[in-house]
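K.L.:
Residues in the sequence shown are numbered from 1 upward in steps of one, following the working numbering.
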Amino acid sequence: MITLLIHVRGVVQGVGFRPFVYGLATRLGLTGWVLNASDGVHCLIQGDAETTSRFLHALREEVPPIAFIDSVDTEEVEHERLTGFEIRKSTVKEGAMTLVSPDIATCPACVAEMSDPSDRRFRYPFINCTNCGPRFTIIDDVPYDRPATAMREFAMCPACAAEYKNPADRRFHAQPDACFVCGPRLYLHAPDASSGWRWSQDFETDPRPHRSIAAERERSDAIIAHAAALVVSGGILAIKGLGGFHLACDATNADAVKLLRERKFRWGKPLAIMVPDLTMAREMADIDTVEAGLLKGTVRPIVLLRRRAERIVGDPPHIASDVVGDLPDIGIMLPYTPVHHLLLEACGRPLVMTSGNLTDEPIATGNAEALDRLSAIADGFLLHDRSIRSRYDDSVVRSVAGMAQPLRRARGYAPHPLSVPFSADEAILATGPEQKNTFALLTGDQVFVSQHIGDMENVAALEHFHDTLALYKRLFRVAPALVAHDMHPEYLTTKFALTLDLPSIAVQHHHAHIAGVAAEHGVSDPVIGVAFDGTGYGADGHIWGGEVLISTWGGFERVAHLREVPMPGGAAAIRRPARMALGTLLGLDPALLGHPGAEPLLSRLADGEEATVRRMITRSLNCPLTSSMGRLFDAVSALAGIRDNARYEGEAAIELEAALDPQAEGAYEFALVGSGPLIIDSAPVIVSVLDDIARGTPAATISARFHRAVARCIVTTAADVAKHAGTRTVSLAGGVFLNRFVLEAAMRDLGRADFTALTHERLPVSDGSVSYGQAVVAWARRHEV
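Laid out in structure tokens, this is it:
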């Protein structure tokens, strides 16, 4: 007889791990106990050597599907003989850390129960079990037990309590367990609500008297029916979900989609839709195996898919043209909460599901907050009385270059940590970039990258940042001893970092990009880093964005960059690509304005705009120099007549890619000139674009030739740099690589040229990964690596 004390670390709380251990031990006839602790799960088992060995093997091999084991430590101890096996009360260990599961989409078993008239949770809008439901969005602290979550406000009824205590039940120790009698309820706030509806102003003080399942189900079904009727009739519904609110409307109703855009001031930017199942998704998009797995999995993010145009404009269910405009991709997700399942069933059609927020503000989470902020947009509010402890947007993922790559990492992925190939002896906070902000906490060999925070440009975003950082520090027991931040002195994240009473390290934006890719892949040797994006504060004070670096974690050398051009008006040139095109022509060679290919652009300029821009550049008035590849995409988009004014970030470049004809032949060519650093000269490309415009070449062909030029320039520049760099590993990062064509062509062509091409696979390739890279750079500089 031996006794083993076992410590399991990883995502092992809120995922049915203790019930799994209990079931495994009792099945094998072992005695002992299991409990949650602040640093994971601890268990003690007694049995013979063979049986305990089988237990340890099964502990790893039969782990619950949504659990994740980082480590299992065992120690043989002396202990009196035990009888039976039990789940003991959780313990708290000061300073200890455990991982917390992200929220999980409603599992098939719960969907089946919700659809079974004989089940007591038939049509219950908050059904869940140990395999699914809210996790991170309801937690206040660890260990993960009901009293440390938003569910402490809901005392379990006898039936739920019996399930919770029954080791054979799927809801054994399921912390969010609830039903019609004892759990959260739906509420409807709508202008025409009858006396049967409870108004949001008073529902939070509902005493929850003893309820009848039948009466509660009838009430809940009536609310769902009324909410669905509002949507079907063309209204806009605000829906409280797991991590915040959605704004929903009928995706097949052009007037409803137009109304949503008008009220939200969301012009042009594509909208995501939710469909009930994979069958309907396939009617709207071409879906490969990776994409199908993402749609049906436990996360259920928005998946960016290629539209099937014949279904969009033809057979029902047709999607209103204004959902995505003329873009070839559409964002689709499947329902991930019981409310989604019920509402989609009642509506009988796909729904637009967009973030419940005002433009540039964080997603709303509280009922009162939503009623205050969204009342000018929504015609009705589908609310509930389970509070949201952490604000979460939907994640966005795509299949590209044979891998699943997040574009926005939030619900379902964060806060699961990423590993680094070193162990830090002090915790580091990285405050991230200004746009698409995340922060990162590095502790030991793990980095907790926050969910998508958003653009740090207002007080609401800064408050979201502060609240989320406080939660992460509390849950993961992290006390930073060092802070890393962007080099830009005016970023809110920089200013926040400098208010902390901590040593600080400024990290250049593009170095963070490249170091992050290398660290994610465990590469500590130097790499050739290609960082192409819209903007980043350079070491020389200029705006960088077309950079080639020789980079280690701790340092970099700028060995090549795109030729600089002026940005007339700074940010104004981002909002108006036509102005960026004019600045590019004037910056490269003012004589280009006399080229016949420039005439279409010049004819579309506002009265006096050309003269104004000329004066600004001549006098260096608010005309920062930029080496940004993203701005070059904007300029070419405007020159080709595709987009003169951008309604949202990246629109000109997105539409330029959408216009691309893959069958078109030819490619433009950048010139590589000089040395120390090498200049990637865009003048030959721009002249070729103008020549094609003058010849009447279609914009689709111009786009194809330009995209091929960018991909080829990556390979030719890397080949030139590699002669002296001593490495053939190339890391690709930055917002330009959101462009599917450029990323896939560059990865393919680099491989053919005998390079090892790396890019992010677990983090966004754009600015959502910068905080991770900042943390890596800060550690390396601290240790002079």
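Each residue gets a CB set at the ideal place from its N, CA and C atoms; glycine is no exception.
Just so it is clear, the structure is predicted and the values come from calculations on it, not from any experiment.
1. Would you say the segment 51-66 touches the segment 7-20, given that touching needs at least three Cβ pairs under 8 Å?
2. For the structure I just gave you, are there three or more beta carbon pairs, one from the segment 405-413 and one from the segment 771-779, closer than 8 Å?
3. Whole angstroms is fine: what's the gap from Tyr491's alpha carbon to Tyr537's?
4. Consult DSSP for Phe154 and reduce its assignment to one of helix, strand or coil.
5. State yes or no: is the C-beta of Ala635 within less than 8 Å of the C-beta of Thr584?
6. Do Val231 and Cys347 have their C-beta atoms closer together than 8 Å?
7. Hey, how far is the Cα of Leu188 from the Cα of Asp425?
8. If we ignore side chains and look at the alpha-carbon of each, how far apart do Trp779 and Gly380 end up?
9. Can you tell me the Cβ-Cβ gap for Phe496 and Tyr472, rounded? I've got them flagged as a contact below 8 Å.
10. In or out: His847 buried (at least 16 other Cβ within 10 Å) or exposed?
11. Could you check which residue in Gly735, Ala719, Phe737 and Val736 has the C-alpha nearest to that of Thr729?
12. Could you pull the DSSP bridge partners for Lys240 from this structure?
13. Buried or exposed, going by whether 16 or more other CB atoms sit within 10 Å of the CB of His783?
14. Classify Leu30: buried if its beta carbon has 16 or more other beta carbons within 10 angstroms, exposed otherwise.
15. Does Ala786 pass the burial test, meaning 16 or more other C-beta atoms within 10 Å, or should it be called exposed?
16. With DSSP collapsed to three states, give me the class of Phe20.
17. Run through DSSP, which three-state label would Arg408 get?
18. According to DSSP, which residues form a beta bridge with Ile104?
19. On a Cα-Cα basis, can you pick out the residue from Val181, Gly235 and Lys240 that is closest to Arg217?
20. Would you kindly work out how many angstroms separate the C-alpha atoms of Gly608 and Leu656, rounded to a whole number?
21. Using C-beta distances below 6 Å, list every residue in its chain close to Gly734, excluding the 5 sequence neighbours before and after it, in chain order.
22. On the DSSP bridge list, what partners appear for Gly529?
23. Per DSSP, which one or two residues make a beta bridge with Gly32?
24. Looking at the structure shown, is Gly597 part of a helix, part of a strand, or coil, going by DSSP?
25. Measure the C-alpha to C-alpha separation of Leu343 and Leu99 and round it to an integer number of angstroms.
26. Kindly provide the ranges of any alpha helix (DSSP H) runs that are 4 or more residues long and lie completely inside the segment 458-537, ordered along the chain.
27. DSSP on Val92, reduced to helix/strand/coil?
28. Whose CA, out of Pro270, Arg261, Lys264 and Ile302, lies closest to the CA of Ala281?
29. Between Pro270 and the rest of its own chain, which residues show a CB-CB distance below 8 Å, the 5 nearest in sequence each way excluded?
30. Anyone know if the C-beta pair for Gly630 and Ala653 falls short of 8 Å?
31. Take the Cβ of Pro207 as the centre, count every other Cβ of all protein chains shown within 10 Å, and call the residue buried at 16 or more, exposed below.
32. According to the neighbour-count rule (16 or more other Cβ atoms, all chains shown, within 10 Å of its Cβ), is Asn645 buried or exposed?
33. Taking its Cβ as the centre, do 16 or more other Cβ atoms sit within 10 Å of Trp267, making it buried, or is it exposed?
34. Could you please give the first and the last residue of the uninterrupted beta strand (DSSP E) stretch that includes Glu333?
35. For Ser375, count neighbouring C-beta atoms within 10 Å of its own C-beta (all shown protein chains included) and say buried if the count is 16 or more, exposed if not.
36. In angstroms, rounded to a whole number, what distance separates the CA positions of Val765 and Ala150?
P.N.:
Answer, in terms of the structure:
1. yes
2. no
3. Position 491 of the sequence shown holds residue 491. Position 537 of the sequence shown holds residue 537. Rounded to whole angstroms, Tyr491 to Tyr537 spans 10 Å at the Cα level.
4. Within the sequence shown, residue 154 is the residue found at index 154, counting from 1. Coil at Phe154, not helix or strand.
5. By one-based count along the sequence shown, residue 635 stands at place 635. By one-based count along the sequence shown, residue 584 stands at place 584. Their beta carbons are under 8 Å apart, which means Ala635 touches Thr584 by this criterion.
6. Position 231 of the sequence shown, counted from the first residue, corresponds to residue 231. Position 347 of the sequence shown, counted from the first residue, corresponds to residue 347. In contact: Val231 and Cys347 (Cβ atoms closer than 8 Å).
7. Sequence index remark: in the sequence shown, residue 188 carries index 188 (1-based). Sequence index remark: in the sequence shown, residue 425 carries index 425 (1-based). Roughly 51 Å separates the two Cα atoms.
8. Mapped onto the sequence shown, residue 779 falls at position 779. Mapped onto the sequence shown, residue 380 falls at position 380. Their Cα atoms are separated by approximately 49 Å.
9. Counted from its first residue, the sequence shown places residue 496 at position 496. Counted from its first residue, the sequence shown places residue 472 at position 472. Not quite, the Cβ-Cβ distance comes to about 15 Å (not below 8 Å), so this is no contact.
10. This structure cannot settle anything about residue 847, because the visible part of the chain is limited to 1 through 785.
11. Counting from 1 along the sequence shown, the entry for residue 729 is found at position 729. If we check each option's Cα against that of Thr729, Ala719 comes out closest.
12. The residue given as residue 240 occupies position 240 in the sequence shown. Answer is Phe245.
13. On the sequence shown, residue 783 is found 783 positions in, with the first residue counted as 1. Counting Cβ neighbours within 10 Å, His783 comes out exposed, since fewer than 16 surround it.
14. In the sequence shown, residue 30 corresponds to position 30, counting from 1. Buried: at least 16 other Cβ atoms inside 10 Å.
15. No answer is possible for residue 786: the residues shown for the chain start at 1 and end at 785.
16. What you label residue 20 is simply residue 20 of the sequence shown in a count that begins at 1. Helix, per DSSP.
17. By 1-based counting over the sequence shown, the position of residue 408 is 408. DSSP places Arg408 in strand when its eight states are reduced to three.
18. On the sequence shown, residue 104 is found 104 positions in, with the first residue counted as 1. The partner list for Ile104 (beta bridge, DSSP) reads Gly133.
19. Here residue 217 refers to the residue found at position 217 of the sequence shown. When only C-alpha atoms are compared, the closest one is Val181.
20. Numbered from its first residue, the sequence shown carries residue 608 at position 608. Numbered from its first residue, the sequence shown carries residue 656 at position 656. Rounded to whole angstroms, Gly608 to Leu656 spans 27 Å at the Cα level.
21. Here residue 734 is taken as the residue at index 734 of the sequence shown, counted from 1. These residues qualify, in order along the chain: His513, Ala531, Phe532 and Asp533.
22. Translated into positions along the sequence shown, residue 529 becomes position 529. Leu549 and Ser731.
23. In the sequence shown, the residue the question calls residue 32 occupies position 32. Paired residue(s): Ile45 and Phe85.
24. Taking the sequence shown and counting its residues from 1, the one referred to as residue 597 is at position 597. Three-state DSSP puts Gly597 in a helix.
25. Start at 1 with the first residue of the sequence shown, and residue 343 comes out as number 343. Start at 1 with the first residue of the sequence shown, and residue 99 comes out as number 99. If you take the alpha carbons of Leu343 and Leu99, they lie about 33 Å apart.
26. 459-475, 492-499 and 509-520
27. Indexing the sequence shown from 1 puts residue 92 at position 92. Looking at Val92 - three-state DSSP - the assignment turns out to be coil, as it is neither helix nor strand.
28. As a position in the sequence shown, residue 281 is number 281, starting the count at 1. When only C-alpha atoms are compared, the closest one is Ile302.
29. By one-based count along the sequence shown, residue 270 stands at place 270. Same-chain partners within the cutoff: Val323, Val324, Gly325, Leu327, Asp329, Ile330 and Gly331.
30. What you label residue 630 is simply residue 630 of the sequence shown in a count that begins at 1. What you label residue 653 is simply residue 653 of the sequence shown in a count that begins at 1. For Gly630 and Ala653, yes; Cβs fall inside 8 Å.
31. Translated into positions along the sequence shown, residue 207 becomes position 207. Because the pLDDT of Pro207 is 48, which lies under 50, any placement of that residue in the model is unreliable, and the number read from its coordinates should be weighed accordingly. Exposed is the call here.
32. Translated into positions along the sequence shown, residue 645 becomes position 645. Burial call: exposed.
33. Mapped onto the sequence shown, residue 267 falls at position 267. Trp267 is exposed by the Cβ-count criterion.
34. Along the sequence shown, read from residue 1 onward, the residue named residue 333 stands at position 333. Note that residue 333 is Met in the sequence shown, not Glu. Residues Asp329 to Met333.
35. For the purposes of this step, residue 375 is taken as residue 375 along the sequence shown, with counting starting at 1. Exposed is the call here.
36. Numbered from its first residue, the sequence shown carries residue 765 at position 765. Numbered from its first residue, the sequence shown carries residue 150 at position 150. So the two alpha carbons sit approximately 34 Å from each other.
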